[in-house]
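Just so you know, the numbering used here puts 32 at position 32 of the sequence shown, and the rest follows in order with no gaps. All remarks here apply to the structure that follows.
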Amino acid sequence: MYPSNVYRHVHCAKEKNILPKENTMKNITKDFLSSFILVFLLSGCSSTTDAPNEDLFEYKKSFIGDNSAVIHIIEQLPYADQFEGVSLETKTEPYGMTIQYEHMGASMEESEYKEAAVYNASYLFTLIDNAQWVVFDFGDTTYTISKSKLQDWYGKELHDFTNEEELNVFIADKLQDVNGVHQLFIE
1 MYPSNVYRHV HCAKEKNILP KENTMKNITK DFLSSFILVF LLSGCSSTTD
51 APNEDLFEYK KSFIGDNSAV IHIIEQLPYA DQFEGVSLET KTEPYGMTIQ
101 YEHMGASMEE SEYKEAAVYN ASYLFTLIDN AQWVVFDFGD TTYTISKSKL
151 QDWYGKELHD FTNEEELNVF IADKLQDVNG VHQLFIE
């Protein structure tokens, strides 16, 4: 049996509630796991727009009917922050899409709209096999580009491109011809 002073000390500590609880380790583990799960779930809900651009060519050979692929491509292209929505024409050929952007107002010049339309259309036609036309609705300005007209202007089939670097260099070179870009949009 315990000496009386030890019994008195333990009994006193119990009354003052200063002894550790029996399940302290279990409580610590439970609190840690709860915190970990909370952090894990919250990080899973974070936006992917801050993530580095993914390789767009993993969407090569997509089709207009694949909504998620089309949207993933658009969200990686210039002006994705202003992207509001897309309407896909999948019932009758030629297949195409209308992409709506927020009204950008006076913040962009006409040449910038045209360059954005050429750049984005080049990627869309390269990656989406059955896309034949695209309308870019910038709020106050609308541009329509057909795949055949863009390929004629380029003098090259867009499906021949195999990576982003090659396509970016090609587009940048063609966009230097400001008059050519302007002519592309004359009907």
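In this text, a Cβ means the ideal position worked out from N, Cα and C, and glycines have one as well. Just so we're clear, the structure is a prediction, and the values are computed from it rather than from any experiment.
Taking a contact as a CB-CB distance under 8 Å, the pair Ala121 and Leu150 counts as one, their CB atoms being some 6 Å apart.
The segment 68 to 83 and the segment 142 to 149 do not touch, with fewer than 3 CB-CB distances between them shorter than 8 Å. Per DSSP, reduced to three states, the secondary structure at Tyr79 is coil, with no helix or strand assignment. When rounded, the separation of the alpha-carbon atoms in Glu165 and Lys147 is 20 Å. When the beta-carbon positions are compared, Ile64 and Leu88 come within less than 8 Å of each other. Every unbroken stretch of the alpha helix (DSSP H) spanning 4 or more residues and falling wholly within the segment 143 to 170 is given here in chain order: 147 to 154.
In the three-state DSSP reduction, Asp140 falls in the coil class, being neither helix nor strand. In the structure shown, Thr90 adopts coil according to DSSP, grouped into three states. Listed in chain order, the non-local C-beta contacts of Thr90 below 8 Å within the same chain comprise Ile64, Gly65, local neighbours out to five positions each way being set aside.
Straight-line measurement puts the Cα of Leu127 at about 10 Å from the Cα of Thr162.
A Cβ-Cβ contact shorter than 8 Å links Val181 with Glu115.
Between Glu54 and Asp81, the alpha-carbon positions lie close to 16 Å from each other. Setting aside the 5 residues that flank it on each side, Met104 is surrounded in the same chain by Gln82, Phe138, Gly139, each with a C-beta closer than 7 Å to its C-beta; the list follows chain order. Collapsing the DSSP output to three states places Tyr119 in a helix.
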